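Participant: Take this structure first; my questions come after.
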Amino acid sequence: METMASKLCTYCTVKEGIYRCPKCNARYCSLYCYKEHKDRCSKETSQLYSRRDNWDEYYSTEMRGLSYGKEEGEISDNGDDLSCHSCITAEQLQCIGSSESMVELLKNKHLRQMLNDINTAVNPDEALAKAMNIPIFEELACECLCIIAND
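What follows is the structure, encoded as structure tokens:
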């Protein structure tokens, strides 16, 4: 008997996965999620995606090798490492924070853990680059960009 969590889309983890990947049997909810999954589907990830219980294993495989130096909630104090093109305004940040789609995405405990891991990494750029290979994090980044673009 499948649990509700095992029926979720393996890409977005929000909606019920009513379709299955022919290669690895991963669940997906839409054509968009299937296309995103299909681009990343390989023998290596097929085994991990095939069972919902293995999400933690997939995540730890992607984020392996990162070292962490900051405590949870601590913000980097070297503000000079940010260039102007990588900064957003307070208004844009407020729009992201009040977005219903962001609230929905952040209900995913794995995504919240990824964000915490990036925040506490000794090399956040490396952690961010690795996280961008994980579909749910990529979706978060795309949603942030869409919100900023519409602002």
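Counting with numbering that gives the first Met the number 0, you get residues 0 to 150 for the letters of the sequence shown.
All C-beta atoms in this analysis are idealised placements derived from N, C-alpha and C, irrespective of residue type, glycine included.
None of these values were measured; they are calculated from a predicted model.
Buried or exposed, going by whether 16 or more other CB atoms sit within 10 Å of the CB of N107?
Facilitator: Translated into positions along the sequence shown, residue 107 becomes position 108. So N107 counts as buried.
Participant: May I have the straight-line CA-CA distance separating G72 from I117, to the nearest angstrom?
Facilitator: For this step, residue 72 is matched to residue 73 along the sequence shown. For this step, residue 117 is matched to residue 118 along the sequence shown. For G72, the predicted structure reports a pLDDT of 47, less than 50, and the residue's modelled location is therefore unreliable. A value from the coordinates is still provided. Each residue's Cα considered, the two are about 11 Å apart.
Participant: Closest by CA to C8, which one among P21, K22, Y33?
Facilitator: On the sequence shown, residue 8 is found 9 positions in, with the first residue counted as 1. Looking at the Cα atoms, Y33 is the closest of the given residues.
Participant: With respect to the alpha helix (DSSP H) encompassing T119, which residues constitute its N-terminal and C-terminal limits?
Facilitator: Residue mapping note: residue 119 aligns to position 120 of the sequence shown, counting from 1. 108-119 is the extent of the alpha helix (DSSP H) around T119.
Participant: Leaving aside the five residues before and after I146 along the sequence, list all residues of the same chain whose C-beta is less than 6 Å from its C-beta, in chain order.
Facilitator: Position 147 of the sequence shown, counted from the start, is the residue given in the question as residue 146. So the qualifying residues of the chain are C94, I95, S98.
Participant: For Y7, which residues does DSSP report across the bridge?
Facilitator: By 1-based counting over the sequence shown, the position of residue 7 is 8. Here the sequence assigns Leu to residue 7, which means Tyr is not the residue at that position. DSSP, once it has assigned bridges, lists E15 as partnering L7.
Participant: Over the uninterrupted alpha helix (DSSP H) stretch that includes S97, give me the two end residues.
Facilitator: By one-based count along the sequence shown, residue 97 stands at place 98. Where S97 is concerned, the enclosing alpha helix (DSSP H) stretches over 89-97.
Participant: Span of the alpha helix (DSSP H) holding I135?
Facilitator: For the purposes of this step, residue 135 is taken as residue 136 along the sequence shown, with counting starting at 1. Its alpha helix (DSSP H) spans residues 134-149.
Participant: Are L105 and I135 close, meaning C-beta to C-beta below 7 Å?
Facilitator: Indexing the sequence shown from 1 puts residue 105 at position 106. Indexing the sequence shown from 1 puts residue 135 at position 136. No, Cβ-Cβ distance for L105 and I135 is not below 7 Å.
Participant: Could you tell me which residues DSSP pairs with R26 in its beta bridges?
Facilitator: Locating residue 26 in the sequence shown gives position 27, where the first residue counts as 1. R19, per the DSSP bridge assignment.
Participant: In terms of alpha-carbon separation, which member of M113, H36, S29 lies closest to K22?
Facilitator: Looking up residue 22 in the sequence shown gives position 23. For K22, the nearest C-alpha among the options comes from H36.
Participant: From E15, E138, A148, Y18, pick the residue whose C-alpha is nearest to that of L92; which is it?
Facilitator: Taking the first residue of the sequence shown as 1, we reach residue 92 at position 93. The shortest Cα separation from L92 among E15, E138, A148, Y18 belongs to A148.
Participant: Looking at Y31: is its Cβ nearer than 7 Å to the Cβ of G16?
Facilitator: If you number the sequence shown from 1, residue 31 lands on position 32. If you number the sequence shown from 1, residue 16 lands on position 17. No, the pair does not count as a contact, with Cβ atoms beyond the cut-off.
Participant: Does A128 pass the burial test, meaning 16 or more other C-beta atoms within 10 Å, or should it be called exposed?
Facilitator: Here residue 128 corresponds to residue number 129 of the sequence shown, with the count starting at 1. Exposed.
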